[in-house]
Amino acid sequence: MPGKPKFYLTTPIYYTNGLPHIGHTYTTVVADVIRRYKRMRGYEVVMTTGTDEHGVNVERAARNAGIAESEFVARMADAWRTLWDELGLPAEEFVRTTDLRHVRTVQWLFKLCRENGYVYKDHYTGQYCIYDNAFVNDAKPGDNCPDCGRPTETLTEENYFFKLSALQKPLLDFYKKNPDFVQPESRKNEIINFVEGGLKDLSITRTTVRWGIPVPGEEPHVFYVWFDALTAYLTAVGGPDYEKRGFWPADLHLVGKDIIRFHAVYWPAFLMAAMLPVPKQVWAHGWFLMDASKMSKSKGNVVLPRPIAHMLGMDALRYFLLREVVFGQDGNFSYDALVTRYNSDLANGLGNLASRTAAMIEKNFGGKIPKVGKLQSQDEALARETQAAIGEILDYFEKLNFARALESLWAVIASADKYLTTEKPWSLGDSETDMQRQANILATTAELFRIVTVLAHPVLPDTTARIWTLLGQPGKVSDVELDGLRWGHLATSVQLGKPQTLFPRVEKSEAIERIESMANEELNPIAVPASAPATAASTSAAGAAAVPAAREKIGIEDFAKVEMRVGQIKTAERIVGADKLLKLTVDIGSEIRQICAGIAQYYEPEALIGRKVAVVTNLAPRKLRGVESNGMILAAAVGPEGRPVLAGFPEDVEVGARLK
Ligand code: ME8
875 MPGKPKFYLT
885 TPIYYTNGLP
895 HIGHTYTTVV
905 ADVIRRYKRM
915 RGYEVVMTTG
925 TDEHGVNVER
935 AARNAGIAES
945 EFVARMADAW
955 RTLWDELGLP
965 AEEFVRTTDL
975 RHVRTVQWLF
985 KLCRENGYVY
995 KDHYTGQYCI
1005 YDNAFVNDAK
1015 PGDNCPDCGR
1025 PTETLTEENY
1035 FFKLSALQKP
1045 LLDFYKKNPD
1055 FVQPESRKNE
1065 IINFVEGGLK
1075 DLSITRTTVR
1085 WGIPVPGEEP
1095 HVFYVWFDAL
1105 TAYLTAVGGP
1115 DYEKRGFWPA
1125 DLHLVGKDII
1135 RFHAVYWPAF
1145 LMAAMLPVPK
1155 QVWAHGWFLM
1165 DASKMSKSKG
1175 NVVLPRPIAH
1185 MLGMDALRYF
1195 LLREVVFGQD
1205 GNFSYDALVT
1215 RYNSDLANGL
1225 GNLASRTAAM
1235 IEKNFGGKIP
1245 KVGKLQSQDE
1255 ALARETQAAI
1265 GEILDYFEKL
1275 NFARALESLW
1285 AVIASADKYL
1295 TTEKPWSLGD
1305 SETDMQRQAN
1315 ILATTAELFR
1325 IVTVLAHPVL
1335 PDTTARIWTL
1345 LGQPGKVSDV
1355 ELDGLRWGHL
1365 ATSVQLGKPQ
1375 TLFPRVEKSE
1385 AIERIESMAN
1395 EELNPIAVPA
1405 SAPATAASTS
1415 AAGAAAVPAA
1425 REKIGIEDFA
1435 KVEMRVGQIK
1445 TAERIVGADK
1455 LLKLTVDIGS
1465 EIRQICAGIA
1475 QYYEPEALIG
1485 RKVAVVTNLA
1495 PRKLRGVESN
1505 GMILAAAVGP
1515 EGRPVLAGFP
1525 EDVEVGARLK
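Position in the sequence shown counted from 1, then plus 874, gives you our numbering.
Next up, the structure:
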């Protein structure tokens, strides 16, 4: 018997100089949704993710952390892997680019490219962006990197070069023969234009970088990060032995639009040169923006996934990410929109339909889904509508149009709500006719609900598994084959599971405050009270890049990085909708700063005016409940709740004096 067809998909291999934020989570969630969807369509699926661990940035970060590169990347990789596991997103393969299996694959790929005449040695001088690990084409000394805006450095080295120029025509022919290779269409045009504009050869090794995979017999040459990182996709499914596992070429590389060129031009070029099969598709999605700008640690606007998952559940975050933005386009992230969708679509929509239906079946049919008798035209209309939606929704999933798939699915939920409101099963009596009518209505609703549950499973895996048990349906929802999904297969006369609230409604400002407070604690691991954002016990946007480590002793040079000054509070006011926060303006000698402090439950604003406090002045700014906070007031965290008590000075001190 032939085995299942195989499907191989990947997320980018993320850099280890930071920890995952909502942008990385987005790509990985999408990969997981596709993986679950493909499994339900009968595929054997492998998903790969991993960490990109070489390069100058890692050398620097490890030096700053005072540990060896190997130790630094081991800790970071561990933190990434742990988080994916915690969020229910473990991949079948997690490739670290420092893995021995990966080192072998990179060296093997290089050997093939070289044997086939695509590699030569030369000198190269250019402007190099150390942040993006790339030479910047056509840049002059003094130019900034067009991608990240930071200064470039002039670099001359002896490099191995890859003859990308020789692959211009093969690439263009390939795009023509495989019109779906780059998606969405807009990105495809961008790539074709880029390749038509002419391709320069690429330098693929470095001698100035120490922390990289050595080119065998050519030390000190190490591989350039992209030749190294892209190859991880092949490493994951066997490297030189890829034919054995049968998962290469990859079916789908999911990436953000920032790295489309590397995936749609360089990667197929490397593989063509090595005469290896080229992936089938590269899909580039857009950015999740925060306040209309790209998330970054330096701007202090990164959104972390864990606090959201803790507060609302991972399914809620998954739903929001996929529903809010059309896959491929940019979109804005806001806690407000997240909680609004949670309450309206999940608590009131899906959750409410589940509890209403289950409660009525419980009350009138002893918790057993009744059998249908003779149906009325409105029951049949709902059945037809739902049956038609199945095809439409699967088609949207197939095209990775998740927002439309969910929109159509929620339209089915709305039809069920409307049907119940019109048919009013609760108003029927207990005559035989009325009971049969009730049975028909509730069984019809339950059947619709079964279908919704199956279709929602790739996006809401935990909740749908719970609904499946609630509905008393046999087996696991993840094992239902989407190809055979039809109206009319509901198992009836089965006992419903214990009723439960799937998505408890939350109070918006309270929920946002709790999420932000947890995020602050996570960004600054020495945080103590959850209730005190922007006091010493919390905020630090830089924390996202901190090495997750044991509480080690730090050197004086680390302490010296923190600038603290005496500040005097000039104004203090409450923030509407944020019970715990006060907005302060603080004179720090050289300027007046706006700082938010999580002390509102313990200090009256008026009593703070004129008070001298200790302020951390060189923290990256951060927004709390939409209000910018530019610094941090030091406070002790007292007692089990971590009540903040402001640090002060028993003697009079000059405003702006430095604390040492
Ligand atoms: O580029 N919105 O790694 P990286 C949406 N190591 N997606 C986002 C995002 C945002 N705001 N921010 C990040 C690298 N992403 C290389 C990849 S692959 C062989 C090597 C996602 O850690 C998006 O998928 O910078 C983007 O492409 C990726 O994270 C970049 O991750």
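Yeah, the Cβ is synthetic: ideal placement off N, Cα and C, and Gly gets one too.
Could you check whether the Cβ of residue i sits closer than 7 Å to any heavy atom belonging to the ligand ME8?
{"i": "Met1535", "result": "Absent from the structure is residue 1535, since the part of the chain shown begins at 875 and ends at 1534."}
{"i": "Pro1244", "result": "no"}
{"i": "Trp1161", "result": "yes"}
{"i": "Ala935", "result": "no"}
{"i": "Val907", "result": "no"}
{"i": "Tyr889", "result": "yes"}
{"i": "Ile1133", "result": "yes"}
{"i": "Tyr1209", "result": "no"}
{"i": "Val1129", "result": "yes"}
{"i": "Tyr882", "result": "no"}
{"i": "Ala1106", "result": "yes"}
{"i": "His898", "result": "yes"}
{"i": "Pro886", "result": "yes"}
{"i": "Thr1307", "result": "no"}
{"i": "Asp926", "result": "yes"}
Taking the alpha-carbon positions, what's the residue i to residue j distance?
{"i": "Phe1377", "j": "Thr1081", "result": "55 Å"}
{"i": "Thr1343", "j": "Val903", "result": "24 Å"}
{"i": "Gly1091", "j": "Gly1113", "result": "21 Å"}
{"i": "Ile1287", "j": "Glu1266", "result": "15 Å"}
{"i": "Val1402", "j": "Ile1507", "result": "In this predicted model, Val1402 has a pLDDT of only 33, less than 50, meaning its place in the structure is not dependable; the value taken from the coordinates is given anyway. Whole-angstrom Cα-Cα distance: 14 Å."}
{"i": "Gly1472", "j": "Gly1463", "result": "23 Å"}
{"i": "Glu1117", "j": "Leu1150", "result": "11 Å"}
{"i": "Tyr917", "j": "Phe881", "result": "6 Å"}
{"i": "Val1213", "j": "Ile1386", "result": "8 Å"}
{"i": "Val1083", "j": "Val1096", "result": "7 Å"}
{"i": "Val1069", "j": "Asp1353", "result": "44 Å"}
{"i": "Ile896", "j": "Met1169", "result": "9 Å"}
{"i": "Ala1410", "j": "Met1438", "result": "Any reading at Ala1410 is ruled out, since the residue's pLDDT is 34, under 50, leaving its predicted position unreliable."}
{"i": "Ala1148", "j": "Asn1394", "result": "47 Å"}
{"i": "Leu1046", "j": "Arg1379", "result": "53 Å"}
{"i": "Ala1263", "j": "Ala1279", "result": "9 Å"}
{"i": "Pro1518", "j": "Ala1474", "result": "10 Å"}
{"i": "Lys1292", "j": "Met1392", "result": "39 Å"}
{"i": "Asp838", "j": "Leu1038", "result": "The chain is shown only over 875 to 1534; residue 838 falls outside these bounds and no answer can be derived."}
{"i": "Leu1302", "j": "Leu1359", "result": "32 Å"}
{"i": "Ala1404", "j": "Glu1198", "result": "With a pLDDT of 33 at Ala1404, under the threshold of 50, the predicted position of this residue should be treated as unreliable, though the coordinate-derived value follows. The straight-line gap from Cα to Cα measures roughly 29 Å."}
Whose CA, out of the options, lies closest to the CA of residue i?
{"i": "Pro1142", "options": "Gly1240, Ala1040, Pro1088 and Asn1175", "result": "Ala1040"}
{"i": "Asn1222", "options": "Glu1395, Ser1167 and Trp1284", "result": "Trp1284"}
{"i": "Leu1364", "options": "Val1450, Lys1173 and Pro1348", "result": "Pro1348"}
{"i": "Ala1122", "options": "Ile1386, Leu1145, Tyr1140 and Val1139", "result": "Contrary to the premise, residue 1122 reads as Trp rather than Ala in this sequence. Comparing Cα-Cα distances from Trp1122 to each of Ile1386, Leu1145, Tyr1140 and Val1139, the minimum goes to Leu1145."}
{"i": "Thr901", "options": "Ser1060, Asp1219, Asp1047 and Ile887", "result": "Ile887"}
{"i": "Ala1250", "options": "Glu1272, Thr1307 and Arg1197", "result": "Before going further, note that residue 1250 is Gln rather than Ala in the sequence given. It is Thr1307."}
{"i": "Ile1454", "options": "Tyr1476, Asp1461 and Met1438", "result": "Per the sequence shown, residue 1454 should be read as Lys rather than Ile. Measuring from the Cα of Lys1454, the nearest candidate turns out to be Tyr1476."}
{"i": "Pro1299", "options": "Asn1238, Leu1329 and Gly1346", "result": "Asn1238"}
{"i": "Ala1488", "options": "Arg1496, Asn1504, Glu1198 and Arg1532", "result": "Arg1532"}
{"i": "Asn1033", "options": "Leu1268, Ser1289, Arg1119 and Val993", "result": "Val993"}
{"i": "Ser1208", "options": "Leu1498, Phe1523 and Ala905", "result": "Leu1498"}
{"i": "Gly1016", "options": "Glu1031, Tyr1005 and Gly1000", "result": "Gly1000"}
{"i": "Gly1174", "options": "Glu1502, Thr899 and Gly1484", "result": "Glu1502"}
{"i": "Leu1482", "options": "Leu1493, Gly1441 and Ala1510", "result": "Gly1441"}
{"i": "Trp1361", "options": "Leu1329, Glu1384 and Ser1367", "result": "Leu1329"}
{"i": "Ser1289", "options": "Glu1525, Arg988, Thr1318 and Gly1023", "result": "Thr1318"}
{"i": "Ala1228", "options": "Arg1311, Ser1305, Ile1325 and Val1333", "result": "Ile1325"}
{"i": "Leu1294", "options": "Tyr1005, Gln1252, Gln1310 and Gly962", "result": "Gln1252"}
{"i": "Leu1073", "options": "Arg909, Phe946, Ile1315 and Tyr1140", "result": "Tyr1140"}
Counting only beta-carbon separations shorter than 8 Å, does residue i have a partner in chain C?
{"i": "Lys878", "result": "Absence of chain C from the displayed structure is noted, only one protein chain being present."}
Exercise for the section: Run through the segment 1102 to 1135 for me and flag every whole beta strand (DSSP E) of 3 or more residues, listed as ranges in chain order. Expected result: Counting only runs of 3 or more, we get 1126 to 1130.
Handout entry: Inter-stretch contact (C-beta, 8 Å, three-pair minimum) for the segment 1126 to 1134 and the segment 1149 to 1161
Key = yes
Problem - Ordered list of beta strand (DSSP E) runs contained in the segment 982 to 1051, each at least 3 residues - result: 993 to 1003 and 1027 to 1036
Handout entry: Sequence ranges, alpha helix (DSSP H) only - wholly within the segment 1249 to 1315, length at least 4
Key = 1251 to 1272 and 1276 to 1297
Handout entry: At least three beta-carbon pairs within less than 8 Å, the segment 918 to 936 to the segment 883 to 899
Key = yes
Problem - Validate contact between the segment 1070 to 1084 and the segment 1175 to 1184 using beta carbons, cut 8 Å, 3 pairs - result: no
Problem - Residue ranges of each alpha helix (DSSP H) within the segment 1183 to 1251, 4 or longer - result: If you keep only unbroken alpha helix (DSSP H) runs of at least 4 residues inside the segment 1183 to 1251, you get 1188 to 1198, 1209 to 1215 and 1226 to 1239.
Practice task
State whether the segment 919 to 929 contacts the segment 961 to 970, with contact taken as three or more CB pairs (one from each stretch) at a distance under 8 Å.
Solution key: yes
Exercise for the section: Enumerate, from N- to C-terminal direction, the unbroken beta strand (DSSP E) stretches of 3 or more residues contained entirely within the segment 1139 to 1166. Expected result: 1156 to 1159 and 1162 to 1164, all fully within the segment 1139 to 1166.
Practice task
Starting from the N-terminal side, write out each stretch of the alpha helix (DSSP H) that is 4 residues or longer and does not extend beyond the segment 1419 to 1499.
Solution key: 1430 to 1433 and 1479 to 1482
Exercise for the section: Give, in chain order, every unbroken run of the beta strand (DSSP E) that is at least 3 residues long and sits entirely within the segment 937 to 971. Expected result: Listed in chain order, the complete beta strand (DSSP E) runs (minimum 3 residues) inside the segment 937 to 971 are 967 to 970.
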